[in-house]
């Protein structure tokens, strides 16, 4: 054994010397892999956390990540241009978060034709056929089960308001799949389990505009004196709702507020009691799992799972410091 | 309205003077009428609409940011120009205010000054692009709109800046009550409008704003340094953008790098509904405020009636078409070429 190790070490050293002297890479498996990750955006801190997870994982696995996304989550065409440009640079693999869930199908097929493996993250494209090695779309997707996350928010809201009363859902998008799932998961769970809860017609603050959300909630408070709870489907909406409570000088906790994700202001609001709690996803995990799946596939031909659920948590002022939750929160 | 027109009005005597005023100001009279009708309609449909809580927090406060932007851009539109950079400019000013207030521990006044200076500088850049480089206002401000959007993201490192307890009383700028029952944001909006109205109607700057919009060449030939005045007008618009940004950060308790895109269109809609001609030469601050209020009353009212949001957009679109169309009809009847 000892001898074998010694021999390996000598051979390795010799190889290293050879590499150093000739300047060529010894084995394909050891070369630094180049990954292109096309996200839905860069501006929200959620995407920054996904990026961090991806970059850190890539560094561990001897790969580099070029991470980019459009300025707004409504710019499907801009994102598809980025995807096409990424395919054109012939990277070792591509990670893709689908904005245009059907529009991207032909573009992904082009990547498949070019022999570039694709793994999706956050949101999967909806193309024909199942995901996997024989798919022309992608090997799989690392995602948060937003329907289940919305349902958890509904359970928590029902518990906070004693299972009855008026609740308003303020969405951040009527067309974005994540936004739709967070909304429907909440609404379906409420209708199924808590028939005494009255849901007001859902309002939308386009793109999660915090100021619009504030105006929506300010109006809802006035129009519904008996409003018990508000559910906001992203960070911007949660911030706006909290500010509307402040402006209306409501007593802390008079109307319960459950939001999504984190960010400095939302965390401060949860700590102060202005907001009851929020659902956090595991953005770092989404980025890391995507890179891990792609690198292992390219280097070792390890076929990744088609669905990697990276999980989510509900947190409030009491549980905010728990290690498994704190790791997913960002300022 | 311009002083030129005012003197013309004064020459008309007696009761016909009132008729003359109504005829001359019919755009505003119509707008004000629409506002009253809308208000009455929503009040009858749901009486909670006219409660002071809704009027102050629901309607007036939601008008503050777009209202200030609309006041600023009224000057630019009267010159026959346009400023598309006011929306993302708001984001840039907000981020600068947030960064500097937190980094330099500025007090309230310091923060407001930062907003106004950054906004003013953005306006000066627009003015220089339009006058010295002779770029059409639409193109020049489209470029600065993009640049401001990028800079806001770069400077903020794509993170919202949370004011927290860093600045004592920052939230009071919008939400305090210097006058009992009236949020400060609303007071600032109306003081800002009054000052703008005085500038537009009683100063040289205002007179040249109308003159440039009516006939830029003739104004130049009569010895006015049009380029300099245009830079000043865009700078003034920028100052109102800075004020709007201060208001926005105060309302939200934070500066959001991606907030503001699209606000320019809401401001332009308010100005047009208020009877200011998109072709320049005509307009008023009073009209703009009425236009901005029509937009907020409409959106707030539709929310109170719990109309589906998709239909809210459609209704707002129809109101804009109707407002501009009725203004056109009125002008054609009055034999106005524009």
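Protein chains in written order, with this note's numbering: chain B, 1 to 331; chain V, 1001 to 1338.
Even glycine gets a Cβ: it sits at the ideal position worked out from N, Cα and C.
Since this is a predicted model, take the numbers as computed values, not measurements.
Residue i and residue j closer than 8 Å at C-beta
i	j	result
residue 63 of chain B	residue 32 of chain B	yes
residue 1152 of chain V	residue 1249 of chain V	no
residue 1271 of chain V	residue 1021 of chain V	no
residue 330 of chain B	residue 263 of chain B	yes
residue 214 of chain B	residue 1254 of chain V	no
residue 155 of chain B	residue 189 of chain B	yes
residue 1161 of chain V	residue 1098 of chain V	yes
residue 1292 of chain V	residue 1090 of chain V	no
residue 1082 of chain V	residue 1138 of chain V	yes
residue 290 of chain B	residue 111 of chain B	no
residue 79 of chain B	residue 116 of chain B	no
residue 373 of chain B	residue 61 of chain B	Here chain B has residues from 1 to 331 only, and residue 373 of chain B is not among them.
residue 1031 of chain V	residue 1213 of chain V	no
residue 237 of chain B	residue 259 of chain B	yes
residue 91 of chain B	residue 34 of chain B	yes
residue 229 of chain B	residue 167 of chain B	yes
residue 1303 of chain V	residue 203 of chain B	yes
residue 1266 of chain V	residue 1066 of chain V	yes
residue 306 of chain B	residue 282 of chain B	no
residue 163 of chain B	residue 293 of chain B	no
residue 1080 of chain V	residue 1317 of chain V	no
residue 261 of chain B	residue 300 of chain B	no
residue 270 of chain B	residue 320 of chain B	yes
residue 217 of chain B	residue 165 of chain B	no
residue 56 of chain B	residue 288 of chain B	yes
residue 1194 of chain V	residue 1200 of chain V	no
Where residue i falls, given that 16 or more other Cβ within 10 Å makes a residue buried
i	result
residue 22 of chain B	Residue confidence for residue 22 of chain B is low, a pLDDT of 45 falling below 50, so the modelled location carries little weight and cannot support an answer.
residue 1251 of chain V	buried
residue 26 of chain B	In this predicted model, residue 26 of chain B has a pLDDT of only 42, less than 50, meaning its place in the structure is not dependable; the value taken from the coordinates is given anyway. Classification for residue 26 of chain B: exposed.
residue 1229 of chain V	buried
residue 1040 of chain V	exposed
residue 1323 of chain V	buried
residue 1056 of chain V	buried
residue 24 of chain B	In this prediction, residue 24 of chain B has a pLDDT of 44, which is less than 50 and means its spatial position is unreliable; what the coordinates show is noted afterwards. With fewer than 16 Cβ atoms within 10 Å of its Cβ, residue 24 of chain B is classed as exposed.
residue 1325 of chain V	exposed
residue 113 of chain B	exposed
residue 1112 of chain V	buried
residue 1332 of chain V	exposed
residue 1171 of chain V	buried
residue 1240 of chain V	buried
residue 157 of chain B	buried
residue 1018 of chain V	exposed
residue 1132 of chain V	exposed
residue 1277 of chain V	buried
residue 1064 of chain V	buried
residue 1184 of chain V	buried
Distance cut-off 7 Å: residue i Cβ against heavy atoms of the ligand NAD
i	result
residue 1021 of chain V	Summarising the ligand content, the structure contains no ligands, and the ligand NAD is consequently not present.
Inset, instruction - Taking only beta carbons into account, state which residues of the stretch 1289–1302 of chain V come closer than 8 Å to chain B, listed in chain order. - result: 1299, 1300
Legend entry - Cβ contact check for the stretch 1259–1269 of chain V and the stretch 1100–1112 of chain V: 3 or more pairs under 8 Å: no
Inset, instruction - Assess, as a yes-or-no matter, whether the stretch 1169–1181 of chain V is touched by the stretch 1120–1131 of chain V under the definition of 3 or more beta carbon pairs within less than 8 Å. - result: no
Legend entry - Members of the stretch 205–224 of chain B that neighbour chain V once the beta carbon cut-off is set at 7 Å: 209, 210, 211, 214, 215, 216, 218, 219, 222, 223
Inset, instruction - Could you please tell me which residues of the stretch 1023–1045 of chain V, in chain order, have their CB closer than 7 Å to any CB of chain B? - result: none
Inset, instruction - Could you list the residues in the stretch 33–67 of chain B with a C-beta less than 7 Å from some C-beta on chain V, going in chain order? - result: 42, 43, 45, 48
Legend entry - the stretch 115–131 of chain B contacting the stretch 84–101 of chain B, beta-carbon criterion three pairs below 8 Å: yes
Inset, instruction - Kindly confirm or deny that the stretch 1064–1073 of chain V and the stretch 1189–1196 of chain V touch, where touching means at least three C-beta pairs closer than 8 Å. - result: yes
Inset, instruction - For the stretch 254–280 of chain B, enumerate the residues whose C-beta is nearer than 8 Å to any C-beta of chain V, in chain order. - result: 263, 264, 265, 268
Legend entry - Members of the stretch 1087–1114 of chain V that neighbour chain B once the beta carbon cut-off is set at 7 Å: none
Inset, instruction - Tell me the start and end of each unbroken beta strand (DSSP E) in the stretch 101–150 of chain B that is at least 3 residues and wholly inside, in chain order. - result: 118–121, 141–143
Inset, instruction - Report yes or no: do three or more beta-carbon pairs, one from the stretch 1236–1245 of chain V and one from the stretch 1191–1207 of chain V, lie closer than 8 Å? - result: yes
Legend entry - Against chain B: residues of the stretch 1059–1075 of chain V by CB proximity under 8 Å: 1061, 1062, 1065
Inset, instruction - Taking a Cβ distance cut-off of 7 Å, strictly less, list which residues of the stretch 165–182 of chain B are near chain V, in chain order. - result: none
Inset, instruction - Can you check the stretch 215–247 of chain B for any alpha helix (DSSP H) of at least 4 residues that lies completely inside it and give the ranges in chain order? - result: 235–247
Inset, instruction - Examine the Cβ distances between the stretch 170–187 of chain B and the stretch 204–222 of chain B and report whether three or more of them are shorter than 8 Å. - result: yes
Legend entry - Cβ pair count under 8 Å reaching 3, the stretch 1279–1295 of chain V against the stretch 242–257 of chain B: no
Inset, instruction - May I ask you to list, following chain order, the residues of the stretch 1173–1200 of chain V that have a beta carbon less than 7 Å from some beta carbon of chain B? - result: 1175
Legend entry - Touch test, the stretch 131–151 of chain B against the stretch 178–186 of chain B, Cβ-Cβ under 8 Å, three pairs minimum: yes
Inset, instruction - Let me know the alpha helix (DSSP H) ranges lying completely inside the stretch 1172–1226 of chain V, each 4 residues or longer, listed in chain order. - result: 1172–1175, 1184–1202, 1204–1214, 1216–1221
Inset, instruction - Please specify which runs of the alpha helix (DSSP H), each continuous and at least 4 residues long, are wholly inside the stretch 25–67 of chain B, giving them in chain order. - result: 45–60
Legend entry - Near-chain B residues of the stretch 1145–1158 of chain V (beta-carbon distance less than 8 Å), N- to C-terminal order: 1149, 1153, 1158
Inset, instruction - Report the residues of the stretch 1266–1288 of chain V with a CB closer than 8 Å to any CB of chain B, ordered along the chain. - result: none
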